[in-house]
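In UniProt numbering, the protein residues as written are 1 to 278. Here's the structure, in structure tokens; my notes come after.
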Amino acid sequence: MPAPLDRMPRLGPLYRAAALRRAVAADPVLPERELTVEAVTVDRAHLAEYNRVCGFRLRDELPATYLHAVAFPLAMALMTAPDFPFPVLGLVHVANRIELLRPLPSSAAFSVSVRAGALRPHDRGTQLDVVTTATIDGNPVFSDTSTYLRRTGSGASAASARPAAEPPAPNAVWRVPRRVGTDYAAVSGDRNPIHTSRLLAKVFGFPRTIAHGMWTKARCLAALEGRLPDSYTVDVAFKTPILLPATVGFTAVAQGGGWDYGVHDGRSGRPHLTGTVR
Numbered sequence: 001m002p003a004p005l006d007r008m009p010r011l012g013p014l015y016r017a018a019a020l021r022r023a024v025a026a027d028p029v030l031p032e033r034e035l036t037v038e039a040v041t042v043d044r045a046h047l048a049e050y051n052r053v054c055g056f057r058l059r060d061e062l063p064a065t066y067l068h069a070v071a072f073p074l075a076m077a078l079m080t081a082p083d084f085p086f087p088v089l090g091l092v093h094v095a096n097r098i099e100l101l102r103p104l105p106s107s108a109a110f111s112v113s114v115r116a117g118a119l120r121p122h123d124r125g126t127q128l129d130v131v132t133t134a135t136i137d138g139n140p141v142f143s144d145t146s147t148y149l150r151r152t153g154s155g156a157s158a159a160s161a162r163p164a165a166e167p168p169a170p171n172a173v174w175r176v177p178r179r180v181g182t183d184y185a186a187v188s189g190d191r192n193p194i195h196t197s198r199l200l201a202k203v204f205g206f207p208r209t210i211a212h213g214m215w216t217k218a219r220c221l222a223a224l225e226g227r228l229p230d231s232y233t234v235d236v237a238f239k240t241p242i243l244l245p246a247t248v249g250f251t252a253v254a255q256g257g258g259w260d261y262g263v264h265d266g267r268s269g270r271p272h273l274t275g276t277v278r
């Protein structure tokens, strides 16, 4: 069901709604609305800051991950609505897929839509997808699928219980400063306190603040900049959080015309993220 909006929602009221929401629907059903904003244009100063934080060069084309940040207020509006079945602060971002169908010119006007779907059981709870699409003059150019997990148990999965495999030798070693959490929160709008407040991160079970998963994905694509085609699909699975500050290893291996890439802990070798570009 289309639900057009005049402009991107303001995040302040949405965060207040998220903070107040605690109840989980007894019989979860996802809303059928698709929130849409027409004629979305790029703020060049914001783009420059996003590129700085994530490591991209300044270009006339948008990074593949940029529209995820642009559409974040729409996703929050959908996920904090009274008929959304889960509190947004209880959802864990476990995977993301971006399909870039053509280069995204920074001068374009985009129609951006967000919807939720694919509610399904998982061995640790329930999963769902939040799907963002963008068009230029009615033609699809971008799709972003974020998979979220609503945990219903505290037990670790079999995969996380296994010892970490020996990681490959990194192509690069990144020192990730504590400010990455607050810097990416400012450019993405994602101000979840687990990324910005050490005290509140501890409330949610983390010893320190953690890096945003989408920052880590963007940083990986920035490292591959200049070696990617005009259109591609980039998948990522978020494994373990990066506790800030951190030293991590980045690995990329050319594979079948694309790339297999990953980020792992610089000491333990435990993976933070694994992904592919095809």
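Just so it is clear, CB atoms sit at the ideal spot from N, CA and C, and this is done for glycine as well.
#1: Does the count of Cβ pairs from the region 26 to 41 and the region 88 to 98 closer than 8 Å reach three?
#2: Taking 8 Å as the cut-off, does the region 102 to 111 touch the region 128 to 139 (at least 3 CB pairs, one atom from each stretch)?
#3: Which residues in the same chain as residue 276 place their Cβ atom closer than 6 Å to its Cβ, once the five residues preceding and following it in sequence are excluded?
#4: Beta-carbon separation of residue 40 and residue 5 under 8 Å?
#5: Of the choices 98, 169 and 183, whose alpha-carbon is the least far from that of residue 141?
#6: Return the first residue and the last residue of the beta strand (DSSP E) that residue 262 is part of.
#7: Near residue 83, which residues of its chain fall below 6 Å by C-beta distance, leaving aside the five closest residues on each side in sequence?
#8: In whole angstroms, what is the alpha-carbon distance linking residue 280 and residue 60?
#9: Take residue 2 and list the residues in its own chain whose beta-carbon comes closer than 7 Å to its own, dropping the five residues that flank it on each side.
#10: Can you check whether the CB of residue 78 is closer than 8 Å to the CB of residue 116?
#11: Would residue 346 and residue 129 qualify as a contact pair, given that the criterion is a beta-carbon distance under 8 Å?
#12: Are the Cβ atoms of residue 183 and residue 53 separated by less than 8 Å?
#13: If we require 3 or more residues per run, which beta strand (DSSP E) segments fall completely within the region 22 to 106?
#14: Between which residues of its own chain and residue 46 is the CB-CB distance below 8 Å, once the five residues before and five after are set aside?
#15: Using a Cβ-Cβ cut-off of 6 Å (strictly less than) and excluding sequence neighbours within five positions of residue 249, which residues of its own chain qualify?
#16: Classify residue 271 as helix, strand or coil using the three-state DSSP reduction.
Result, derived from the coordinates:
#1: no
#2: yes
#3: 235 and 260
#4: no
#5: 98
#6: 258 to 265
#7: 31
#8: Residue 280 falls outside the range modelled here, since the chain spans only 1 to 278, and no answer is possible.
#9: 34 and 36
#10: yes
#11: Past the edges of the chain, shown from 1 to 278, lies residue 346, and the structure says nothing about it.
#12: yes
#13: 34 to 40 and 91 to 100
#14: 187
#15: 170, 173, 264 and 266
#16: strand
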